[in-house]
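**Q** In the order they appear, the protein sequences are chains B and E.
The opening residue of the first sequence carries number 1 in the working numbering; numbering runs sequentially from there.
The opening residue of the second sequence carries number 1001 in the working numbering; numbering runs sequentially from there.
The C-beta atom is built at its ideal place from N, Cα and C for all residues, glycine as well.
Please see the structure below; I have some questions.
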Amino acid sequence: MKCRKVRDNLSAYADGELRLRLRRRVETHLAACENCATELSRLVEITDAAKTSLRRVFSDKAPRSNFRERVMQATEPVRVRRPILVTAGKLAAAAVTIALASGLVVGGVQELRFRGERAAFRQKDAEQRRALVLATADSKRASAQLRKAEARLSKVETQLRLATAIRKKDDRLVEEGPSRRPRSWPPMLSSLQMPGADSLLKNGLF
Amino acid sequence: MGDSEKRLVWLARAGDREAFSELVSLFESKVYRAAYALTGNEQDAEDLSQKTFVSAYGAIGRFRGKSSFFTWLYRILLNNFNTWLRKKRRAVEVVGDDGCSRLAADSAGSSPSHWQLASERETVDRVYKAISSLPHEQRMVIVMRCLEDMTYREIAEAMSCSIGTVKSRIHAARLSLRQMLLQESGFHAPADEGEHDKRPEGTQRAPGGGGTSMQ
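Have a look at this one:
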């Protein structure tokens, strides 16, 4: 660390205001540099002189005894006194004002009541709308399920018709004799791709 | 900030005038001393102190407690001092020769012998005159550091500047003081009051302890 940088930090070092790492670097330099060490001792001397001087000068300095009272008085809120309305004209004006104000009050109360009713109505309306939306959603869901079930039923009916046709054809073949029977038996059940076809075959329904 | 001080500040923020009055009595001496050190005369110091507390009363709702209450007061004091300086429109010679001599003479402590007393009074006088001659920003940092023992961070908060600025101002102020005093022959530091020895504070304190560290 160079002397110039050390000297820039000497005051802070003397005040104990340097971070540990920088302080150690300064201390290392001071141990090796007599000039900087002398500079430090001069700074410490002037600092102590300033402290002692200021403390001696100001040790007995205090504000006057009623300082606090004066401050609190200065922070009191200012009260403005307003003149009272005494003349007849002013009283009349006051009466008119009061009458208007009372009318406004009645009107205001009624307005408040209507506002309350309107709010209640809006809330009820909103609840009904919400219930309707939910019901509509349920209905749509149910319709979709119904359509899906109908499609499934239609497919099963088609397959059933096909299976019936095959069975009738087989019955005919049985009646005509074994020579007319095809090599693979049953010939077309595998092509049905019908759910439960295996169980139907096992139970002898075909 | 102690618990009782925090409680008083909290109450004062809530509008309790009695609590604020307690805060005034807690800090009036410190604020007055600082104002005296800055302005150099009793009347201006009183006016400045009073204005500081009145401003503080009006602004206490905005005090967030990030710094100590005294640091916050000091910031208000410095703002008021700057306004006062602008109003005066002149370089503040804090204390004239007569005033300085009077202050030094009034404040000399009890010493064992008359010749030592006279010598110390003279030195206190010279050092104080030199401090008074500093540019006001340097004088402020010297007063805050040497009279109030404020850390660099507290000074930075009070002056609304960086810690680096405080560091350079304090260093410059000390170099200026030394220069001024060296110009007068026979400078010797006034005898200490036993609060600290001549070793630097950096070597007295435990590493990292006391005050705010800085780069």
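In three-state terms, what does DSSP make of Leu1023 of chain E?
**A** Of the three classes helix, strand and coil, the one that applies to Leu1023 of chain E here is helix, per DSSP.
**Q** Out of curiosity, what's the CA-to-CA distance linking Thr47 of chain B and Ile1076 of chain E?
**A** Spanning the two alpha carbons is a distance of roughly 26 Å.
**Q** Quick check: the Cα distance between Leu1008 of chain E and Glu1028 of chain E, rounded to an integer number of angstroms?
**A** Cα to Cα, the separation comes out at about 15 Å.
**Q** How about Gln1050 of chain E: is its C-beta nearer than 8 Å to some C-beta of chain B?
**A** It does: the Cβ of Gln1050 of chain E has a partner Cβ on chain B nearer than 8 Å.
**Q** So Phe1069 of chain E and Glu1157 of chain E are supposed to be a Cβ contact under 8 Å. How far apart are they, rounded?
**A** Actually they are not in contact, since the Cβ atoms of Phe1069 of chain E and Glu1157 of chain E sit about 12 Å apart, beyond 8 Å.
**Q** If I follow the unbroken alpha helix (DSSP H) through Asn35 of chain B, where does it start and stop?
**A** First-last of the alpha helix (DSSP H) with Asn35 of chain B: Glu34 to Phe58.
**Q** I need the straight-line Cα distance from Arg113 of chain B to Gln128 of chain B, nearest angstrom please.
**A** Roughly 23 Å between the two C-alpha positions.
**Q** Based on Cα-Cα distance, which residue from E:Gly1002, E:Leu1078 and E:Ser1025 lies nearest to Met1144 of chain E?
**A** When each option's Cα is compared against that of Met1144 of chain E, the closest is E:Leu1078.
**Q** Out of B:Val106, B:Leu43, B:Cys33 and B:Glu34, state which residue places its alpha-carbon closest to the alpha-carbon of Tyr13 of chain B.
**A** Closest by alpha carbon: B:Leu43.
**Q** Tell me Leu160 of chain B's beta-bridge partners as DSSP assigns them.
**A** According to DSSP, Leu160 of chain B bridges with nothing at all.
**Q** Could you name the residues of chain E that Asp8 of chain B contacts, counting a contact when the two beta carbons are closer than 9 Å?
**A** Under the 9 Å cutoff, chain E gives Lys1167, Ser1168 and His1171.
**Q** Going along the chain, which residues of its own chain have a beta-carbon closer than 7 Å to the beta-carbon of Glu39 of chain B, five neighbours each way excluded?
**A** For Glu39 of chain B, where only same-chain residues beyond five positions count, the Cβ hits under 7 Å are Arg7 and Leu10.
**Q** With distance defined between alpha-carbon atoms, name the residue in E:Glu1046, E:Tyr1152 and E:Val1127 nearest to Arg56 of chain B.
**A** Looking at the Cα atoms, E:Val1127 is the closest of the given residues.
**Q** Compare the C-alpha of Asp1044 of chain E against each of E:Trp1072, E:Leu1023 and E:Asn1082 and name the closest.
**A** Per the Cα distances, E:Asn1082.
**Q** So is Met72 of chain B in contact with chain E if we call contact Cβ pairs under 8 Å?
**A** Met72 of chain B counts as touching chain E.
**Q** Which residues in chain E have a C-beta closer than 8 Å to the C-beta of Thr38 of chain B? List them in chain order.
**A** The contacting residues do not exist; Thr38 of chain B stays about 12 Å from chain E at best.
**Q** Residues of chain E with CB under 7 Å from Lys5 of chain B, in chain order?
**A** Those do not exist, as Lys5 of chain B stays about 12 Å from chain E at its closest Cβ, beyond 7 Å.
**Q** Compare the beta carbon distance of Ala1056 of chain E and Leu1073 of chain E with 8 Å and say whether it is the shorter of the two.
**A** Cβ distance < 8 Å, so Ala1056 of chain E and Leu1073 of chain E count as in contact.
**Q** By the 8 Å beta-carbon criterion, what residues does the segment 1048 to 1072 of chain E contribute toward chain B?
**A** Those residues of the segment 1048 to 1072 of chain E that come within reach of chain B (Cβ to Cβ, closer than 8 Å) are Ser1049, Gln1050, Phe1053, Val1054, Tyr1057 and Gly1058.
**Q** So, is the C-beta of Thr75 of chain B closer than 8 Å to a C-beta in chain E?
**A** Output row for Thr75 of chain B: interface = yes.
**Q** Residues of chain B with a CB under 7 Å from the CB of Arg1086 of chain E: which are they?
**A** The contacting residues do not exist; Arg1086 of chain E stays about 22 Å from chain B at best.
**Q** State yes or no: is the beta carbon of Arg115 of chain B nearer than 8 Å to at least one beta carbon in chain E?
**A** Chain E contact via Cβ: absent.
**Q** In or out: Asp1003 of chain E buried (at least 16 other Cβ within 10 Å) or exposed?
**A** Burial call: exposed.
**Q** With a threshold of 16 other CB atoms inside 10 Å of the CB of Pro63 of chain B, please say whether the residue is buried or exposed.
**A** Buried, by the Cβ-count rule.
**Q** Hey, which unbroken runs of the alpha helix (DSSP H) at 4 residues or more fall wholly within the segment 1111 to 1184 of chain E?
**A** Entirely contained in the segment 1111 to 1184 of chain E, the alpha helix (DSSP H) runs reaching 4 residues are, in chain order, 1114 to 1133, 1136 to 1142, 1152 to 1159 and 1163 to 1183.
**Q** Rounded to whole angstroms, what is the Cα-Cα separation between Ala207 of chain B and Ala142 of chain B?
**A** Absent from the model: residue 207 of chain B. The displayed extent of chain B is 1 to 206, so no value can be given.
**Q** Please list the partners that Lys51 of chain B has in chain E, where partner means a Cβ-to-Cβ separation under 7 Å.
**A** Going along chain E in sequence order, the residues near Lys51 of chain B (Cβ under 7 Å) are Cys1146.
**Q** How long is the line joining the alpha carbons of Met1 of chain B and Val26 of chain B, rounded to whole angstroms?
**A** So the two alpha carbons sit approximately 8 Å from each other.
**Q** Please report the straight-line C-alpha distance between Ala93 of chain B and Leu100 of chain B, rounded to a whole angstrom.
**A** Those two C-alpha atoms are separated by around 10 Å.
**Q** Provide the residue span of the alpha helix (DSSP H) that contains Gly1058 of chain E, from first to last.
**A** Glu1042 to Ala1059 is the span of the alpha helix (DSSP H), which, as asked, contains Gly1058 of chain E.
**Q** Thinking C-beta only, is Arg68 of chain B closer than 8 Å to Val1166 of chain E?
**A** Their beta carbons are not under 8 Å apart, which means Val1166 of chain E does not touch Arg68 of chain B by this criterion.
**Q** Leaving out the 5 sequence neighbours to the left and right, which residues in its chain are closer than 8 Å to Ala232 of chain B when beta-carbon positions are compared?
**A** As shown, chain B starts at 1 and ends at 206. That puts residue 232 of chain B outside it, with no answer to give.
**Q** Taking C-beta pairs closer than 8 Å, name the residues in chain B that Arg1178 of chain E reaches, listed in chain order.
**A** Under the 8 Å cutoff, chain B gives Arg42, Leu43 and Ile46.
**Q** Could you spell out where the alpha helix (DSSP H) holding Glu1005 of chain E opens and where it closes?
**A** Counting along the chain, the alpha helix (DSSP H) containing Glu1005 of chain E begins and ends at Asp1003 to Arg1013.
**Q** Helix, strand or coil for Phe1063 of chain E, going by three-state DSSP, please let me know.
**A** Phe1063 of chain E falls in the coil class under three-state DSSP.
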